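Numbering (our numbering), first residue to last: 201 to 349.
For every residue, glycine included, the Cβ atom is placed at its ideal position computed from N, Cα and C.
Keep in mind the model is a prediction, meaning the values are calculated, not measured.
Below is the structure:
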């Protein structure tokens, strides 16, 4: 049985792949922040532009780092003081004193102030990687202060 008797062949063009997100057809849009603007400002601008320009029935979702940033929100203002409190309590238990841990903890504002000054001096953004670096810097500064005390 010849194939032409069962099907009709015709040549068409189509994309080489179909992108889906949560089982819906989607289009990937990638971008980067402009120098001098934070990633939070870029996310807010993209949301505003999407609300103004997308037709009804269309939506958008954040993925990767932007999704993580939106999910985390401003939890860093709660995380830093809790970290300092837990370090202070652990050092108080270790030294069996409430005064000696203060010598260790008081180095934290100075090292953070110097780090923020360095970031400002180089005109860098305060993004999630910088904030992780702050946590590492606090740990290293406290370690050095513990060795001195």
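Exercise. Nearest-angstrom Cα distance between residue 301 and residue 295?
Worked result: One-based indexing of the chain shown puts residue 301 at position 101. One-based indexing of the chain shown puts residue 295 at position 95. Near 7 Å, if we compare the C-alpha coordinates of residue 295 and residue 301.
Exercise. Should the stretch 323-335 be regarded as contacting the stretch 236-250, the criterion being three or more beta carbon pairs within less than 8 Å?
Worked result: yes
For this session: Look at the alpha carbon of residue 320 and the alpha carbon of residue 217, and state the distance between them as a whole number of angstroms.
Result: Start at 1 with the first residue of the chain shown, and residue 320 comes out as number 120. Start at 1 with the first residue of the chain shown, and residue 217 comes out as number 17. If you take the alpha carbons of residue 320 and residue 217, they lie about 44 Å apart.
For this session: Return the CA-CA distance between residue 286 and residue 318, expressed in angstroms with no decimal places.
Result: The residue labelled residue 286 in the question sits at position 86 within the chain shown. The residue labelled residue 318 in the question sits at position 118 within the chain shown. Going from the Cα of residue 286 to the Cα of residue 318 covers about 27 Å.
For this session: Please list, in chain order, all residues of the same chain as residue 265 whose beta carbon is under 8 Å from its beta carbon, the five residues on each side excluded.
Result: For this step, residue 265 is matched to residue 65 along the chain shown. Counting only Cβ-Cβ distances below 8 Å, and skipping sequence neighbours, we find 239, 328.
For this session: Would you decide whether residue 304 is buried or exposed? Buried here means 16 or more other CB atoms lie within 10 Å of its CB.
Result: Reading the chain shown from its first residue, position 104 is the one you call residue 304. The residue in question, residue 304, is buried, as its Cβ has 16 or more Cβ neighbours within 10 Å.
Exercise. Across which residues does DSSP place residue 267 in a beta bridge pair?
Worked result: Locating residue 267 in the chain shown gives position 67, where the first residue counts as 1. Its beta-bridge partners do not exist; DSSP assigns none.
Problem set entry | Member of 338, 299, 298, 297 whose CA lies at the smallest distance from the CA of residue 316 | On the chain shown, residue 316 is found 116 positions in, with the first residue counted as 1. That would be 338, whose Cα lies nearest to the Cα of residue 316.
For this session: May I have the straight-line CA-CA distance separating residue 222 from residue 261, to the nearest angstrom?
Result: The sequence position of residue 222 within the chain shown is 22, counting from 1. The sequence position of residue 261 within the chain shown is 61, counting from 1. Here the alpha carbon of residue 222 sits roughly 10 Å from the alpha carbon of residue 261.
Exercise. What separation, rounded to the nearest whole angstrom, lies between the Cα atoms of residue 271 and residue 308?
Worked result: Taking the chain shown and counting its residues from 1, the one referred to as residue 271 is at position 71. Taking the chain shown and counting its residues from 1, the one referred to as residue 308 is at position 108. Cα to Cα, residue 271 sits roughly 27 Å from residue 308.
Problem set entry | Buried or exposed by the 16-neighbour rule on C-beta atoms within 10 Å, applied to residue 341 | Position 141 of the chain shown, counted from the start, is the residue given in the question as residue 341. With 16 or more neighbouring CB atoms inside 10 Å of its own CB, residue 341 falls in the buried class.
Exercise. First and last residue of the alpha helix (DSSP H) that includes residue 344?
Worked result: Within the chain shown, numbered from 1, the residue matching residue 344 stands at position 144. Per DSSP, residue 344 belongs to the alpha helix (DSSP H) from 328-348.
Exercise. In chain order, which continuous runs of the alpha helix (DSSP H) of length 4 or greater are located wholly inside the stretch 279-314?
Worked result: If we require 4 residues or more, the alpha helix (DSSP H) runs fully inside the stretch 279-314 come out as 300-305.
Exercise. To which residues of the same chain is residue 208 closer than 8 Å at the C-beta, ignoring the five residues directly before and after it?
Worked result: Looking up residue 208 in the chain shown gives position 8. Once the five neighbours on either side are set aside, residue 208 has no close Cβ partner at all.
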